Amino acid sequence: MDYAKQYQEYLARANQALEKACETFLPEESEVCRAARYSLLGGGKRIRAVLVLAVCDMLNGSAEAAEQFAAAVEMLHCYSLIHDDLPCMDNDDLRRGKPTCHKVFGECVATLAGDALQAAAFRTVLFAKGPWSGEGAAAPALAAGVLAEAAGVQGMCGGQYWDTIGDGQPHSLEDLTAIHDKKTGALLRAACVMGVLACSGHREVDDSCIDAAREYATHLGLAFQIRDDVLDATSTTEELGKPVGSDSANGKTTYVTLLGVEGCREQVVEHTRLAKEALERGGWRGSIGCLCWLADHLAQRSN
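In this note's numbering, the protein residues as written are 15 to 317.
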């Protein structure tokens, strides 16, 4: 199987689902919607959307439901990026090689664009169409609950808060991991679980699938964040498409601060191994090859 090609197919499906969701929930009728679409449709790896689609495919679930759930996860992720880039947060001028939302539309409109994306994400989930029947009819509501937990104080917002108030202060490895498990890991876990939920009412799934999906995403998220810290310390703005060295300039503790570059690379390899091992214990009915390839691909990425 050519997993790189399969990833590109998932990427195309995710982008198409985002275009469709925008037509429904973010029509270009205001500056706020234009700002939201500017950031949302501006490219990216769509890792979270791909996870929803790939997990659902492993269980032979509903492609229609998975695509809508995938769009919702990406909308929520994009909202977090717009807010992270604001002057009151990371104060970044570039995202994916383009000016950040607040640099183009102003801080007020960018803030509201993030808010609009968050609301649109939940509408996309709750109005998702799929082969819902029996207990599976609750799948959109359950998926919305999973997404809300990942977005709130138990997830991204909580992690961002602790990261923000800790600027310039030393963190232990345990503290840093807890922060990034919320900031990055929570939404990756949500994406994988939502991929399982997209199968509800279509075929039987058990708790082992959800447990394996969550464990895979946890280690994938840690490997991703550690690799991010290495790239921030060793890459260039042109290569990454966003500013580099800002963590060091702001006195923030990173994995590179605590482990060094080589130590970080070892940890990326270890968490990638653990992510793939988690999949092998999941009782999946389909191939885990694409998700294993994705873990390796992200561990070796240059941007």
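Positions of the beta carbon are idealized from the N, C-alpha and C atoms, including for glycine.
Predicted, not measured: the structure shown is a model, and the values here were computed from it.
For residue i, count neighbouring C-beta atoms within 10 Å of its own C-beta (all shown protein chains included) and say buried if the count is 16 or more, exposed if not.
i	result
K19	exposed
D16	exposed
P101	exposed
K143	exposed
R109	buried
T251	exposed
G10	Because the chain spans 15 through 317 in this model, residue 10 falls outside it and cannot be assessed.
D221	exposed
A155	exposed
Can you tell me the Cα-Cα spacing of residue i and residue j, whole angstroms?
i	j	result
V64	K266	31 Å
R203	T232	7 Å
V46	G166	23 Å
G169	E42	30 Å
I61	Y21	10 Å
I224	T191	22 Å
T138	G159	13 Å
L245	V258	8 Å
L254	F119	23 Å
S316	E291	24 Å
A164	D106	24 Å
E294	C304	13 Å
F141	A153	11 Å
G296	V69	11 Å
M208	A80	8 Å
W146	E78	11 Å
V123	G300	44 Å
L126	G199	25 Å
C171	I193	10 Å
A226	K197	20 Å
C306	R228	14 Å
G111	L161	28 Å
A151	E23	28 Å
T178	T38	35 Å
K59	D310	14 Å
For residue i, which residues of its own chain have a beta-carbon under 6 Å away from its beta-carbon, when the five flanking residues on both sides are left out?
i	result
A237	V282, H285, T286, A313
I240	Y269, C278, Q281, V282
M89	L131, A134, A135
I302	L293
A205	R62, L65, V66, V87
H185	T267
G173	I193, K196, K197
Any beta carbon of chain D sitting closer than 8 Å to that of residue i?
i	result
A247	Going by chain labels, chain D is absent from the structure shown, which holds only one protein chain.
So, for residue i: in the same chain, excluding its five sequence neighbours on each side, which residues have a beta-carbon less than 7 Å away from its beta-carbon?
i	result
L273	Q281
T114	D99, D106, D107, L108
A50	L40, A127, A130, L131
E121	L100, P101
Rounded to the nearest angstrom, how far is the Cβ of residue i from that of residue j, given a contact under 8 Å?
i	j	result
T248	V210	Not confirmed; about 36 Å, so no contact.
A28	L67	7 Å
L73	W298	7 Å
Y93	G128	4 Å
H116	D99	7 Å
D189	G235	Between G235 and D189 the Cβ distance is about 16 Å, and since that is not below 8 Å, they are no contact.
Y230	A157	Contact doesn't hold; Cβ gap of about 18 Å is too wide.
Leaving out the 5 sequence neighbours to the left and right, which residues in its chain are closer than 8 Å to residue i when beta-carbon positions are compared?
i	result
L54	L32, C36, L40, E88, M89, C92, L131
Worksheet entry | the stretch 22–34 contacting the stretch 71–89, beta-carbon criterion three pairs below 8 Å | Because the criterion of three Cβ pairs below 8 Å is met, the stretch 22–34 and the stretch 71–89 touch.
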